[in-house]
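Residue numbers (numbering that gives the first Met the number 0): 0 to 89. Ideal Cβ positions, reconstructed from N, Cα and C, are used throughout, including at glycine. Source: prediction; values computed, not measured. Scroll down for the structure; my scribbles are underneath it.
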Amino acid sequence: MVMKIEELSDYGIPEYFIKKFKEEKILELFPPQEEVVKKKLFKDKNLVISLPTAGGKTFIAALAIINKLSSSRSKAIYTVPLVALANEKY
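Okay, here's the thing in structure tokens:
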């Protein structure tokens, strides 16, 4: 069964971000994203993700950033290798 975006609250993702994901029409997780969430791999660990284009890597990175910023007074910088990708995301 596919994980619904609302279920992220069960894994410590604040409701504010879940609402933002819904506004961006992100309603379900891809299977690799669901696996990362259920195994809590984005919680205070280093993680290497290898997925095809449009496989959900950026969303997993967002979850890791949200987790860290929600639990501490940290800062985050998210870099991408291409200007086109940066323009697409932000």
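Within 8 angstroms, strictly: CB atoms of residue i and residue j
i	j	result
Gly39	Tyr10	In the sequence as displayed, the identity of residue 39 is Lys instead of Gly. Result yes, Cβ atoms of Lys39 and Tyr10 sit closer than 8 angstroms.
Leu50	Lys44	no
Val1	Leu28	yes
Ser69	Pro13	yes
Whole-number beta carbon distance between residue j and residue i, since they are thought to touch under 8 angstroms
i	j	result
Phe41	Leu26	Not quite, the Cβ-Cβ distance comes to about 19 angstroms (not below 8 angstroms), so this is no contact.
Gln32	Phe16	In fact, because the Cβ distance is near 14 angstroms, the residues do not count as touching under 8 angstroms.
Boundaries of the alpha helix (DSSP H) in which residue i is found, first to last residue
i	result
Thr57	Lys56 to Ser70
Ile17	Glu14 to Glu22
Bridge partners - residue i, DSSP secondary structure assignment
i	result
Lys3	Glu27
Exposure label - residue i; buried when at least 16 CB within 10 Å
i	result
Asn66	buried
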